[in-house]
Amino acid sequence: MNMAPSGHITKPLYGSRSVYPNYTKSCKNVRKKSFSLKNGNERDALDLFVHMQREGTEFSEFTVSGVLCACAAEFAVFECRQLHAFALKASMLANIFVSTALLDVYAKCGLLLDAIRVFEFMPERSGVTWSSMVSGYVKNEFFEEALLMFREVHVSGVEFNQFIISSVLAACAAIAAKMKGFRHTREGKKYFDMMVKEHNLTPNVFHYSCMVDVLGRTGLIGEAKTLIDKMPFEATASIWGSLLSSCRVYNNVDLAEIAAKHLFEIEPDNAGNHILLSNIYAANRQWDEVIQTRKLLKETEVKKERGKSWIEIKDKVHSFMVGERNHDRIGEIYSKLEDTIKEMRKFGYRCETQHDLHNVEDNKKEELLRHHSEKLALVYGLMCLPSSAPIRIMKNLRICGDCHVFMKLASKITGREIVVRDTNRFHHFRNGFCSCGEFW
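Residue numbers (the UniProt record's numbering): 1 to 440.
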């Protein structure tokens, strides 16, 4: 048995066959569920779970942990809490897989305090458990806490894995960007070297991506490019994207062009790379290059994936697309949105049309930006949720600059906490500020 760093003694796992008399029937349904999860059909997996409940099927710990993974992907907080209650009644929380999956889904849904509570009461903790908790702190922008926990793990003798190194490197990158100092850059380098020398772990593409981020966020862009050149494998879109983002912050046009060229080859259908390069040119007043980049974007007919956002109200998930027309309260939503924008203009809000990728006039761009999916989801949350409740939104794309400004002002005007989970990170908006520090 392992000993957790906090002194918790591990306990044996429950055996599925001894706990469940209808184990065979359960396994048949589990195989169906596993198939749905492996094929990315998380909502189907959740629906199947509800159907299994109605049939009176007995559940194993494997089933519950699998459905919890689906909850994380779908941002399904209501279902997660139901499963938490079910696991508690069924005495499953002593199962390390169930508890780890539970804390992971809470963290991924922005409910960090719930994740911490699950973690603190776990009788057994594996390296994966500690990794999930460190990752949870990072995802929710509690970077110092992530590093403190990592240091605790380091001195405790818990077996390291590659995921926990990725999380701590991400924490170092974020803190280094916010503090504009090099202490956490050096710390990131130390941990990167430590995984090889002390723990015999081979850095993979994710670790290199994190290190490029660590260097780039503190302005060491040339060093980041050197690291990319020395990698034992081809750089991914994530790595070049990280370098391009750093070039935007520090106005490095030469390396931005190199990164963008690789991204155009790897992701020919990603219009965001074109617009980011265009913004870098614009920031340096290279207007001819701006025109050429926009022309290339138009000629290649690159299409941006349509934005979609989700918000959970009570026990139902409501989804919105840009320019949504199908929601049964869409008229009220648009009316409330217009009132909100009018109020924001008193605080200086102006629509930032450079964040729209469509080849249309500025007034049309402003209309499209005004009706972005996360704005519609936010307004619906303001309409339906109690004034004391935080508003949690999930988005399938990176939040745009205009929506980022919009959310900051909304948090200030309404006094509400607004949490947006996009493809890159969580954004916690409070009192007009965002936890990302304007780097996302």
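Beta carbons: idealized from backbone N, C-alpha and C, even for Gly.
| Asked | Found |
| --- | --- |
| Is it true that the CB of A76 sits closer than 8 Å to the CB of residue 445? | Residue 445 is absent from the structure shown; the chain starts at 1 and stops at 440. |
| Looking at C-alpha atoms only, which residue of F142, A146 and C69 is the closest neighbour of W130? | A146 |
| Helix, strand or coil: which one does DSSP assign to M122? | coil |
| Since L68 and L102 are thought to touch, with beta carbons under 8 Å apart, how far apart are those beta carbons, to the nearest angstrom? | 6 Å |
| If T250 and G219 are in contact, beta carbons under 8 Å, what's the gap, nearest whole angstrom? | First, the amino acid is wrong: residue 250 is Tyr here, not Thr. Between G219 and Y250 the Cβ distance is about 5 Å, and since that is below 8 Å, they are a contact. |
| Nearest to G110 by alpha carbon, out of R54, E144, R248 and I311? | I311 |
| Could you check how far apart the C-beta atoms of I175 and V212 are, in whole angstroms? I think they sit under 8 Å. | Between V212 and I175 the Cβ distance is about 16 Å, and since that is not below 8 Å, they are no contact. |
| Between I221 and V253, which are expected to be in contact by the criterion C-beta below 8 Å, what is the C-beta distance as a whole number of angstroms? | 11 Å between Cβ atoms; not a contact. |
| Indicate the three-state DSSP secondary structure (helix, strand or coil) for E312 in the structure shown. | strand |
| Judging by CA-CA distance, which residue of S373, E299, V128 and S99 is the nearest neighbour of I333? | S373 |
| So, is E234 buried or exposed, given that buried needs 16 or more other C-beta atoms within 10 angstroms? | exposed |
| Mapping the DSSP letters down to three states, classify Y14 as helix, strand or coil. | Low confidence applies to Y14: its pLDDT is 26, below 50, so where it sits in the model is not reliable, and the reading given next is rough at best. In this structure, Y14 counts as coil in the three-state DSSP scheme. |
| What three-state label does DSSP hand V158 in the structure shown? | coil |
| Grab me the residues of P21's own chain with a C-beta within less than 8 Å of its C-beta, minus the 5 sequence neighbours each way, in chain order. | Reliability fails at P21, whose pLDDT of 33 lies under 50, so the model's placement of it is uncertain and the value that follows must be treated cautiously. E58, listed in sequence order. |
| With H, G and I counted as helix, E and B as strand and the rest as coil, what does DSSP make of H51? | helix |
| With M122 and Y137 assumed to form a contact (beta carbons below 8 Å), what rounded beta-carbon distance in angstroms separates them? | 16 Å between Cβ atoms; not a contact. |
| Quick check: the segment 285 to 300 against the segment 313 to 320, are there 3 or more CB pairs under 8 Å? | no |
| Do M194 and Y208 have their CB atoms nearer than 8 Å? | no |
| Given C167, which residues of its chain have a CB within under 6 Å of its CB, disregarding the five upstream and five downstream residues? | Correcting the residue identity first, residue 167 is Ser in this sequence and not Cys. Answer for S167: V134, S135 and V138, listed in chain order. |
| In chain order, what residues of the same chain have a beta carbon less than 8 Å from the beta carbon of N39, not counting five sequence neighbours either side? | The predicted model places N39 with a pLDDT of 43, which falls under 50 and marks its position as unreliable; any figure quoted below should be read in that light. So the list is empty, once near-sequence residues are dropped. |
| Assign N200 to one of three DSSP states: helix, strand, or coil. | coil |
| Tell me the rounded alpha-carbon separation between I418 and K197. | 42 Å |
| As a quick exercise: from C434, R151, A410 and A170, pick the residue whose alpha carbon is nearest that of K346. | A410 |
| How is I393 classed by DSSP in three states: helix, strand or coil? | strand |
| Between which two residues does the alpha helix (DSSP H) containing F86 stretch? | V77 to K89 |
| Given F35, which residues of its chain have a CB within under 6 Å of its CB, disregarding the five upstream and five downstream residues? | Only weak support exists for where F35 lies, its pLDDT of 39 falling under 50; the value from the coordinates is given anyway. Hits under 6 Å: none found. |
| With 16 as the cutoff for other CB atoms within 10 Å, does R306 come out buried or exposed? | exposed |
| So, for V205: in the same chain, excluding its five sequence neighbours on each side, which residues have a beta-carbon less than 7 Å away from its beta-carbon? | F233 and T236 |
| By the DSSP assignment, the alpha helix (DSSP H) with V249 in it spans what residues? | A237 to Y250 |
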